[in-house]
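Trainee:
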């Protein structure tokens with residue numbers, strides 16, 4: 692995966708988690724079927740606070756994987772193996 696694509700994908704993912712965490716996304720997704728697709732299969736049962744907690748945890752993992760991919764380029768293609 693190219694560096695540009697890596698940055699764009701992680702920026703989009705980080706914006707999604709920031710939207711859930713900070714900009715009212717948790718209230719919008721609370722109790723909806725869409726939260727099951729975005730966060731987890733059990734997310735429609737979660738409150739807004741639970742969705743925010745999941746978004747925070749996933750944002751931390753997003754940052755860690757982004758930095759790891761920047762420092763070690765072979766980690767960018769672990770799923771496809773086509774680097």
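Numbering (the numbering used here), first residue to last: 692 to 774.
Ideal placement from N, C-alpha and C gives every residue a C-beta, glycine not left out.
Bear in mind the structure is a predicted one, so any value in this text is a computation, not a measurement.
(1) In whole angstroms, what separates the C-alpha of residue 728 from that of residue 720?
(2) Is the Cβ-Cβ distance between residue 746 and residue 712 less than 9 Å?
(3) Compare the Cα-Cα distances from residue 704 to each of 750, 761, 755 and report the closest residue.
(4) Where do the N-terminal and C-terminal ends of the alpha helix (DSSP H) with residue 718 fall, by residue?
(5) Does the beta-carbon distance from residue 736 to residue 722 come in below 9 Å?
(6) Taking the C-alpha atoms as reference points, what is the distance between residue 700 and residue 709?
Mentor: From the atom records:
(1) As a first step, residue 728 must be located in the chain shown, where it is residue number 37. As a first step, residue 720 must be located in the chain shown, where it is residue number 29. Rounded to whole angstroms, residue 728 to residue 720 spans 10 Å at the Cα level.
(2) The sequence position of residue 746 within the chain shown is 55, counting from 1. The sequence position of residue 712 within the chain shown is 21, counting from 1. Contact: yes.
(3) As a first step, residue 704 is located in the chain shown; it is residue number 13 there, counting from the start. If we check each option's Cα against that of residue 704, 750 comes out closest.
(4) Taking the first residue of the chain shown as position 1, residue 718 is located at position 27. Where residue 718 is concerned, the enclosing alpha helix (DSSP H) stretches over 716-720.
(5) Sequence index remark: in the chain shown, residue 736 carries index 45 (1-based). Sequence index remark: in the chain shown, residue 722 carries index 31 (1-based). Yes, the pair counts as a contact, with Cβ atoms nearer than the cut-off.
(6) Mapped onto the chain shown, residue 700 falls at position 9. Mapped onto the chain shown, residue 709 falls at position 18. The straight-line gap from Cα to Cα measures roughly 14 Å.
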